[in-house]
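Per numbering that gives the first Met the number 0, residue 0 is the first one in the sequence shown, and the count goes up by one each step. Working notes for the structure below.
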Amino acid sequence: MQNVEDIYPLSPLQQGMLFHSLYAPASGIYCEQMGIIFHEPFDSAAFKRAWQHVIDRHSILRTAFLWEELDEPLQVVQQHVPLPWAEQNWQDCSPSEQTTRLEDFLRADLERGFELARAPLLRLTLLRLSTDSCHFIWSYHHLLLDGWSIVLLLDEVFAMYEGLRQGTQPTLPPSRPYRDYIAWLQAQSSQAAEVFWRRYLSGFTTPTQLIHDPSLQASSATNLEQIDSQEFDGYLSETTTAALQRYIRQHQLTLTTVLQGAWALLLSRYSGETDVVFGHTISTRPASLEGVESMIGLFLNTLPVRVQFPPEGEVVQWLKHVQHEQIEAREYDYAPLAQVQQWSEAPAGKPLFESLLVIENYPRQSTSKSQEPRQKSSLSRSWSASERTNYPLTLSVGPRTALLLRISYDPARFCKQTIVRMVEHLRILLEHIISNPHACLRDLSYLTAEEHQQMLSAWNATTTAFPREDCLHTLFEAQVARTPESIALVHEDHHLTYAALNASANQAASALLKRGVGPEVCVGLCMERSAELFIGLLACLKAGGAYVPLDPNYPLERLRFILADAEIPVLLTSQDILDRVYLNTSDLLAPSSLGAIQVLCLDSASGQCASEPVSNLPGSAGPLNLAYVIYTSGSTGAPKGVLVPHQGVVNYSSDFQSRFGLGTTDRVLQLASISFDTALEEIFPTWYGGGTLVLAPERITAVLDFPDFTTFVEHNSLTVLDFPTSFWRAWIAQGFSTRVRLPHQLRLVIVGAEKVELDAYHAWLHLSPDHIIWSNTYGPTETTIAATTYVAPPGREEAIGSCVPIGRPVANVQVYVLDPQMQFVGASVPGELYI
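This is the structure:
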């Protein structure tokens, strides 16, 4: 205690910095470095004396921080501290070697950090580069100083240095100690601050989400112990910066207001939220504290800024509202952030915000007359890239003739490309704010012209030729003509060639024609998975009608609803289904409820179609006529019929067949119920390529058994499997436990209908050989089977990123991701998918 000059509490921001520094001591957060280059003979002794004088003059530079065994941390001022000075001679090194050594030195210096309980929390290092050039490195902890103080302190150092070089010692004006500011803080009303901040943050419960970078496999939380902050600098042009200054004057705004508004607007567009909160580090030098402009210390606080976006808000009026709220908030800017967090309604344990805005704030004029000597010394000053905070995203703005927009970011959360785009988006928003003061907020776009073009055209350049004048059945008939004796369908031990399947379908189609089936007429198709089911499906199409799947296992109420809603006049079924399902329900087909429904049984026992001709029928349906109607559950719970024409299915099937090269050697599993359009993905691309459709028996669909299922795949030489995601996930999970290898002839696996989790995909990579192509498809029934397809590079885990993509649009389909204002969103920004 003999060397102790003073003891007093910490400011709110000092408390936060101390906590984060102790939590992650090896992270380098809040350790800062400043480099100064001298291009003249350098007087080391005079410079050391100047620094010692300034350290002796300002108590904050002799301050340590104690916390162990204390209820609250304290800052302890030492009476005297040794000058932490070191010199290294690099004059024998080449310029490239000096550059390498400087990078190594800065890295090691940052890793060294500071012992916060031992003053001084700064280091001074002189690197001699040549006889008339040296590089001075000043390392310090942010607990001591803000940017304003840095300018004041360097003015004093250089005033002393120039005076000592000339044999004099300048007299500097008195400076108030930092403890006076702490005393002012302690005199402020905590109760008034609590009332304000509770009201200001009322109703805000969910912290604003930052943009998610899918190229990184990272958690949504920043690990302070492993943070390695990086920076990227962007600039407004001098012309735009000048226009910004004119805009501010014209509309009586401040630079801070416009920057807060632009940053909030960008966060809103990135997150999709209309109520956002971010942190703002502000200067808290109270005007009521006499001499505060010349005090040295940390006069900063970080507090939340809340910005809301009215639906029809005009830009300039909205900015004035933002400014008004911030003027009110400045009256309570002394409140500790930790306390404000507790007063908010944000979930406990979650940060109130994850992004920070910092606007450089320096004295308008220096306190000494050392500007001329500094210019004479050809002094250049630069902040290194090693400044670090505990926030994953920090925007630092430097007022210049060309406004500096610097983003410091956690590379575990963001890649450089994302940050480069972010700076460009912010620049564009600022330009639009300046040039469109009376525009509606929702109309301001942040995207570049190149991004607009990319989303509108480049990513949707899907125009592809396909047989647009054909129908599903005519393409099948063309394949029959090419390979009549090839096997089209296998059901257990029953094989049908293309010619035989076509002939049976023609007979059934003739029978349907006699019953009034034609274009836009719906035919109920209620059968178990069998050869007859696919004969009936083709027959409906050949007759010009549209089939409506009716699963025999559906509840009778659902079957009754579909029959009535689709106004089905003809029902294709089998005698077994008719006996088992319909005849047991006396009123299902009763004329009084549904009108006269004609029933045609296709099983061989009925013989109802045996006398019909086997030749192809004249075409009566066109590509725009209905091919099928599939009933989904519907958003209201009632089944909803989706009407799909031939042309959409022909387009998708053509794209699918060519994308994956389905051909005559392929054998494709038919697993999906025809009540789901996934079945179409299995059926028609296979037949268009001349492949074989192998129907899955009930025993392998009822209960999944990996060895049994895999044996079936191998025994039937299946090359293509098309799964619901849940079925595929269960299949590979069992594959891990049984260690059964996948059949070697399998070459393509397609999943869809549900989201693919990343862990399931990783499991697949470990289970499957590299030659198997894996594809993820996405699209609601209304878009005809699927709208997008992703084909993963075989065996390349790193190609996925943090989520499994749904891919790009299929041929002749365009997809757009839009925000609630129907504006394009940027890459990696969430939005609604429009197809």
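We put the CB at the ideal spot given by N, CA and C, even for glycine. Everything numeric in this text was worked out from a predicted model, so none of it was measured.
Determine the burial state of residue i: buried for a count of at least 16 other Cβ atoms within 10 Å of its Cβ, exposed for fewer.
| i | result |
| --- | --- |
| alanine 118 | buried |
| glycine 290 | exposed |
| glutamine 14 | buried |
| proline 742 | buried |
| alanine 286 | exposed |
| alanine 191 | exposed |
| glutamine 74 | buried |
| threonine 130 | exposed |
| histidine 761 | exposed |
| isoleucine 326 | exposed |
| glutamine 623 | Glutamine is not the amino acid found at residue 623; the sequence shown has leucine there. Exposed, by the Cβ-count rule. |
| tyrosine 445 | buried |
| arginine 399 | exposed |
| histidine 437 | exposed |
| glycine 202 | exposed |
| alanine 49 | buried |
Closest to residue i by CA distance: which of the options is it?
| i | options | result |
| --- | --- | --- |
| histidine 787 | Thr780, Ala732, Pro808 | Note on identity: in this sequence residue 787 is threonine, with histidine being the wrong assignment. For the residues Thr780, Ala732, Pro808, the minimum Cα distance to threonine 787 belongs to Pro808. |
| aspartate 232 | Gly806, Tyr408, Thr691 | Tyr408 |
| isoleucine 838 | Thr709, Ser653, Ala328 | The chain is shown from 0 up to 834; residue 838 falls before or after that span and cannot be answered. |
| asparagine 840 | Lys513, Glu519, Leu512, Thr482 | Residue 840 cannot be examined here, being either before or after the span of the chain that is shown, 0 to 834. |
| glutamate 527 | Ala695, Ala752, Cys802 | Ala695 |
| alanine 810 | Thr463, Val275, Ile181 | Thr463 |
| serine 801 | Leu570, Gln813, Val755 | Val755 |
| leucine 699 | Val419, Gly689, Trp730 | The residue you asked about is not leucine; residue 699 is isoleucine in the sequence shown. Ranking Val419, Gly689, Trp730 by Cα distance to isoleucine 699 puts Trp730 first. |
| glutamate 67 | His38, Leu21, Gln574, Tyr361 | Leu21 |
| cysteine 90 | Val76, Leu125, Arg740 | Reading the sequence as shown, one finds glutamine at residue 90 and not cysteine. That would be Leu125, whose Cα lies nearest to the Cα of glutamine 90. |
| glutamine 78 | Asp70, Gln87, Ala63, Thr783 | Ala63 |
| glycine 689 | Ile834, Ala732, Thr496 | Thr496 |
| alanine 477 | Ala791, Tyr687, Phe705, Gln187 | Tyr687 |
| proline 176 | Glu272, Arg61, Ile576, Leu115 | Arg61 |
| arginine 405 | Cys414, Arg412, Gly162, Leu394 | Leu394 |
| methionine 33 | Leu121, Met821, Pro723 | Leu121 |
Since residue i sits in a beta bridge, which residues does DSSP pair it with?
| i | result |
| --- | --- |
| aspartate 232 | Arg405 |
| leucine 121 | Tyr139 |
| asparagine 887 | As displayed, the chain neither begins before 0 nor continues past 834, which places residue 887 out of reach and without an answer. |
| aspartate 274 | Gln307 |
| serine 395 | Val357, Arg405 |
| valine 693 | Val489, Leu668 |
| glycine 835 | A query on residue 835 cannot be resolved here, the shown segment of the chain reaching from 0 to 834 and no further. |
| leucine 163 | According to DSSP, leucine 163 bridges with nothing at all. |
| alanine 85 | Thr124 |
| glutamate 313 | Cys439 |
Is DSSP giving residue i helix, strand or coil here?
| i | result |
| --- | --- |
| arginine 579 | helix |
| phenylalanine 722 | strand |
| lysine 375 | Summary for lysine 375: the model assigns pLDDT 39, below 50, so the residue's position carries little reliability; its value from the coordinates is reported in the next sentence. Three-state result, lysine 375: helix. |
| histidine 250 | coil |
| aspartate 818 | coil |
| aspartate 586 | Confidence is the limiting factor: at aspartate 586 the pLDDT is only 49, short of 50, which leaves the residue's position unreliable, though a coordinate-based value still follows. Reduced to three states, the DSSP call for aspartate 586 is coil. |
| alanine 328 | helix |
| proline 303 | strand |
| leucine 440 | helix |
| alanine 499 | helix |
| tyrosine 177 | coil |
| leucine 474 | helix |
| glutamate 484 | coil |
| tyrosine 553 | coil |
Establish whether the CB of residue i and some CB of chain D are separated by less than 8 Å.
| i | result |
| --- | --- |
| glutamine 190 | Annotation note: the requested chain D is absent from the structure, which comprises a single protein chain. |
Could you tell me whether the stretch 196–216 touches the stretch 340–349, where touching means 3 or more Cβ pairs closer than 8 Å? Under the three-pair Cβ rule at 8 Å, the stretch 196–216 counts as touching the stretch 340–349.
Evaluate contact between the stretch 309–318 and the stretch 254–273, counting only Cβ atoms and requiring at least three cross-stretch pairs below 8 Å. The stretch 309–318 vs the stretch 254–273: in contact.
Take every Cβ of the stretch 17–29, pair it with every Cβ of the stretch 129–145, and state whether three or more of those distances are shorter than 8 Å. Note that the stretch 17–29 touches the stretch 129–145; at least 3 beta-carbon pairs, one per stretch, sit closer than 8 Å.
Stretch pair the stretch 241–249 + the stretch 345–361: three plus CB contacts closer than 8 Å: No: the two stretches stay apart, fewer than three of their Cβ pairs being nearer than 8 Å.
Taking one C-beta from the stretch 534–546 and one from the stretch 455–474 each time, how about it: are there three or more such pairs within less than 8 Å? Segments in contact, yes.
Can at least three beta-carbon pairs, one atom from the stretch 770–788 and one from the stretch 608–619, be found at a separation below 8 Å? Because the criterion of three Cβ pairs below 8 Å is not met, the stretch 770–788 and the stretch 608–619 do not touch.
Contact between the stretch 96–109 and the stretch 327–338 is defined here as three or more beta-carbon pairs at a separation below 8 Å; is this criterion met? Put simply, the stretch 96–109 does not touch the stretch 327–338. Fewer than three CB pairs are less than 8 Å apart.
Tell me whether the stretch 664–682 and the stretch 493–513 touch, counting them as touching only if at least three CB pairs, one residue from each stretch, are closer than 8 Å. Counting Cβ pairs under 8 Å, fewer than three are found: no touch.
Taking 8 Å as the cut-off, does the stretch 268–288 touch the stretch 176–192 (at least 3 CB pairs, one atom from each stretch)? Using a C-beta cut-off of 8 Å, the stretch 176–192 makes contact with the stretch 268–288, since at least three inter-stretch Cβ pairs fall below that distance.
The stretch 815–830 / the stretch 674–688 touching (three or more Cβ pairs under 8 Å): Using a Cβ-Cβ distance cut-off of 8 Å, the stretch 815–830 and the stretch 674–688 are not in contact, since fewer than three pairs of beta carbons, one from each stretch, lie closer than that value.
Between the stretch 720–734 and the stretch 704–712, can you find at least three pairs of beta-carbon atoms closer than 8 Å? With the cut-off at 8 Å, the stretch 704–712 and the stretch 720–734 touch.
Are there three or more Cβ pairs, one per stretch, closer than 8 Å when the stretch 420–438 is compared with the stretch 299–309? Output reads no: the stretch 299–309 does not touch the stretch 420–438.
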